[in-house]
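In this note's numbering, the protein residues as written are 88 to 612.
Where is the CB? At the ideal position from N, CA and C, for every residue including glycine.
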């Protein structure tokens, strides 16, 4: 550690700026297209990194869908009245403990990113996912039924660990690489690719659903391996985050990384100097490097905003939307139609999230979150009221509500929540804050994945469409919290965001706050 500090001191002496810090220019505000032309290599790397979300969406659908395949039910279930079913206990364990694995992986990923780097975390996550797929693929080999179920469960827990590492590392490195005009749009690619993964997975399972052999589920599981290989290859070829390298005193590697990320038009020494000055400022301000530092007074506000942004998808109803096929059957829709509703919902969500990349570049994050959560509350309220009646009108009104909620939030709060979570945290604590972000996301996802079926299942709450009241309440709570704590950070660079939090600028004052001269010394492109 002392050698690193001495190296950093020597470089700090060597790279004294020629001009005063206040003369360092501010990053200009540009449209998406102009920014893409100015930073084509950064945009390409960020797009490639966002593809790690494909595995997250793909895994959710594969696990949720293969349990409905006849041969999987026969080999992993039990017969009741000559009908094979998967016991509810094991279904709950496979779902909930996957999120438990993600919680472990998120914390591990945050620690590993600061210890070894963003790229090693991505490499480890993709490697662990390949091991998890192997466990699931071989889980039908044991003779004893509970051994099969247990091995499949082990595979799902390990996959959860892998996804926790991957998603926390992906959000960290993208937020560090992307310039301010591109940061929101490229972070919005994460939910977009999650939905794309779900759509591909649903198509694979549907294509294999008529296969009468065990290969129906084995092929579905095996098709995850190419995604693991893709993520590993991307991590292998992507430059390490210059922020991580500079923080650890590796200035020569940081300069090489910047050279790979930018075109020849960029003044690399100046770029390095600007990032270095911002890192030095943060180190002088807090010396924060541990998980506990995220909750100390200097960074607590930023951490709370990130954690809240991370659970917004659960608040607007992502849990029940991911169970749309089963939920619609409970409401009264035929199984075949319910699967079509699921596919339509995923497709509409994908289109909306792609459009959300544009809305995120034009409309503020705060406004998108507030309007979409309030609109969702009205939609869920209408569905809840419709639940007091039965029949085809209620069934199709419920299906329409699910699709409308996906579209509204795909255009608004879903991509905006990823942008807020990615740009709010302190630069030195970003990896660990993202670990906490995905830990909280996984925790609430696990709780809701177990609790929500009890609200609408006939053998429990039997609320059916009236479950809309639950999510109407969650959306209203989310909107109120967002109004109080989520500031507008659109078009702000790292220096401005950090300075506003240091000064304690009020939530609603962020939008119109203007940088003073002393902020110039924190500038980061």
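Between residue 395 and residue 167, the alpha-carbon positions lie close to 43 Å from each other. Sequence-distant Cβ neighbours of residue 484 in its own chain, meaning closer than 6 Å and more than five residues away, are 473.
When only Cα atoms are considered, residue 529 and residue 186 end up about 5 Å apart. Between residue 193 and residue 522, the CB-CB gap stays under 7 Å.
Around the beta carbon of residue 145, a 10 Å sphere encloses 16 or more other beta carbons of the protein chains shown; the residue is thus reported as buried.
Contact annotation: residue 274 and residue 518 have beta-carbon atoms that are not nearer than 7 Å.
The beta carbon of residue 464 sits closer than 6 Å to those of 559, 562 and 563, all from its chain and outside the five residues before and after it, given in chain order. About 29 Å separates the beta carbons of residue 496 and residue 382, which is beyond the 8 Å limit, so they are not a contact pair. Sixteen is the threshold: when 16 or more other Cβ atoms of the shown chains lie within 10 Å of the Cβ of residue 255, as they do, the residue is buried. Residue 419 is a Cβ neighbour of residue 482, given a cutoff of 7 Å. Taken through DSSP and simplified to helix, strand or coil, residue 165 comes out as strand. Contact check for residue 258 and residue 509: beta-carbon distance about 5 Å, within the 8 Å limit, so the pair qualifies. Fewer than three beta-carbon pairs drawn from the stretch 279-291 and the stretch 212-232 are found closer than 8 Å, and the two stretches are therefore not classed as touching. Under the three-pair Cβ rule at 8 Å, the stretch 450-468 does not count as touching the stretch 302-309. Counted as a single uninterrupted DSSP element, the beta strand (DSSP E) harbouring residue 171 occupies residues 170-172.
Shown here, residue 305 sits in a helix according to DSSP, grouped into three states.
Inter-residue distance for residue 120 and residue 129 is about 13 Å (C-alpha atoms, whole angstroms).
Per DSSP, the unbroken alpha helix (DSSP H) holding residue 263 starts and ends at 232-264. In the three-state reduction of the DSSP assignment, residue 284 falls in the helix class. The DSSP assignment places complete alpha helix (DSSP H) segments of no fewer than 4 residues inside the stretch 440-510 at 452-473 and 479-498, in order along the chain. Considering only 190, 156, 204 and 150, the residue with the shortest C-alpha distance to residue 179 is 150. If you check the CB distance, residue 164 and residue 172 come in under 7 Å. Separation of residue 499 and residue 300 (C-alpha to C-alpha, rounded to the nearest whole angstrom) is 43 Å. Distances from the alpha-carbon of residue 357 to those of 199, 148 and 345 put 345 closest. Between residue 249 and residue 215, the C-beta spacing is below 7 Å.
Buried is the label assigned to residue 369, since at least 16 other Cβ atoms lie within 10 Å of its Cβ. Counting along the chain, the unbroken alpha helix (DSSP H) around residue 397 starts and ends at 384-402. Counting only residues of its own chain and dropping the five nearest sequence neighbours on each side, residue 424 has a CB closer than 8 Å to the CB of 415. Linking residue 435 to residue 590 through their CA atoms gives a straight-line distance of about 42 Å. 331 is the residue among 597, 331 and 324 whose C-alpha sits nearest the C-alpha of residue 260.
In terms of Cβ geometry, residue 524 and residue 432 do not form a close pair [threshold 7 Å]. Boundaries for residue 328: no alpha helix (DSSP H) harbours it, and the DSSP string shows neither H nor E there. Taken atom to atom, the span from the alpha-carbon of residue 158 to that of residue 246 is near 23 Å.
The beta-carbon distance between residue 492 and residue 408, rounded to whole angstroms, is 7 Å. This is short enough to meet the 8 Å contact definition. Annotation: the continuous alpha helix (DSSP H) that includes residue 146 extends over 139-153.
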